[in-house]
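Per the numbering used here, residue 314 is the first one in the first sequence, and the count goes up by one each step. C-beta atoms are modelled at their ideal positions from N, C-alpha and C, and glycine is treated no differently. The structure under discussion appears below in the form of structure tokens.
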Amino acid sequence: MALPAPDPARGARRLLDWFAANARELPWRRTRDPYAILVSEVMLQQTRVDTVVPAFLRWMDRFPDIPSLAKAGQEEVLKAWEGLGYYSRALNLQRAARLILEHHGGQLPREDESLLALPGVGRYTAGAVQSLAFDLPREAIDGNVERVLCRLLDLETPAKDRRSQARFRKHIRGMMAENSPRSVSEALMELGALVCLPRNPRCNGCPFEGDCLARQRGTVLDRPVPGKRMPARAIQAVFGILTDGRRIFLQKRPPEGLMANLWEFPGGKLEEGESPRKALRRELFEELGIRSREEEKVGTLRHSYTRFIVTLHVFLVRVEDASGVPAPGKMTGRPSGWFTPLEARGLPMPAANAKIMSRWVEGLESDAEI
DNA sequence: GAAGCGTGGCG
DNA sequence: TCGCCAAGCTT
């Protein structure tokens, strides 16, 4: 049975009543200075309120207006940003201050184009400045607002989806039609921060409880739905099982990053238009200084990672003189070595490499001919 | 469109 | 303890 779609105007009244009674006292809510609003919004990008409050007070004390920020030294600006992270935000803010002096007579512009042209100001921050500082009917859709509206409207499309964003804008415009855009923006974000929480929403006492479609359908914890993952991309890669007739060659991955410290066969991804055999020769030369001539294709296997499906071309490469591999000067700082199948079995390897081991290397006695 | 950019809080 | 993630933007 179809539930009525939430009415923006009615919801807005309840939301604003709730906000009037429950809003936190935050320093940037005590001002309507567009510069101060901008500073707070940039600081709040991906950063928690508790972290921002003291930094905001410090910053406004040190750079109380656009001219003072514009003429400050870079060291000073970075120092004032200390602890907030994403330091390019600080430098962008100063560049923005200089642009505002140069092109807008020292006053923050209100138009989309001018705001979006400021470094560090994107769709969200522009809308936040427009609605919070200028009380213009523009949406400020951040992660909080997305969550609130995905639940209120019980959207089955991911929050970032165009269709979702269009619904958000329409609903927010409806709420702003007869209410202060400033209040609507602030209240939506505050609701997301205090009540409509990601994991433990406090639906009792939510001003939207009677309207919220997700609440009525029991789907609150399923909204927003996770973004649709990109279909796994197909990748071609090549591995070489180097053998001196008794042992195989393995190298250790770097100590940081993906599959850190695991042991793997030499090889790599195929380049554009490259054949597997050619890719193997290139990789062996680049990584180990080997000029291989007689690779024997032993098989192909497919392996799925989170984001791609790899087709692995596996070759056996016979090496005359194991002592020359890797060539001096290659593989600097990356452990590598020759191992019998028995020894290799004891080393940690990524799953795809382990598959190669079990399919083409293991099962042979350690002294058997490979 | 994905990856990179920092930090602190939380389960 | 540690992975996840929070008022995004840029390249």
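Asked                                                                                                                                                      : Found
Can you grab the Cα-Cα spacing for the pair E499 / A490, in whole Å?                                                                                       : 15 Å
Using the C-alpha atoms, what's the distance from D557 back to S679?                                                                                       : Here S679 scores only 40 on pLDDT, less than 50, and its place in the model is too uncertain to base an answer on.
What does the alpha-carbon distance come out to for the pair W341 and S353?                                                                                : 7 Å
To the nearest angstrom, how far is it from the Cα of A681 to the Cα of F652?                                                                              : Confidence is the limiting factor: at A681 the pLDDT is only 48, short of 50, which leaves the residue's position unreliable and the question unanswerable from this model.
Just the C-alpha distance for P663 and V551, rounded to the nearest angstrom, thanks.                                                                      : 15 Å
I need the straight-line Cα distance from S649 to F578, nearest angstrom please.                                                                           : 10 Å
From V630 to E608, what distance separates their C-alpha atoms?                                                                                            : 5 Å
Grab the span of the beta strand (DSSP E) containing G581 for me, first residue to last.                                                                   : 580–582
Following the continuous alpha helix (DSSP H) through L391, name the residue where it begins and the one where it ends.                                    : 387–393
Take the Cβ of D455 as the centre, count every other Cβ of all protein chains shown within 10 Å, and call the residue buried at 16 or more, exposed below. : buried
Taking DSSP as the reference, what is the three-state secondary structure of G586?                                                                         : coil
Would you call the stretch 503–517 in contact with the stretch 343–360, where contact means no fewer than 3 C-beta pairs closer than 8 Å?                  : no
Note the first and the last residue of the continuous alpha helix (DSSP H) segment covering Q478.                                                          : 475–489
On the CB-based measure, 16 or more other CB atoms within 10 Å of its CB, does A409 come out buried or exposed?                                            : buried
Can you grab the Cα-Cα spacing for the pair A333 / E459, in whole Å?                                                                                       : 21 Å
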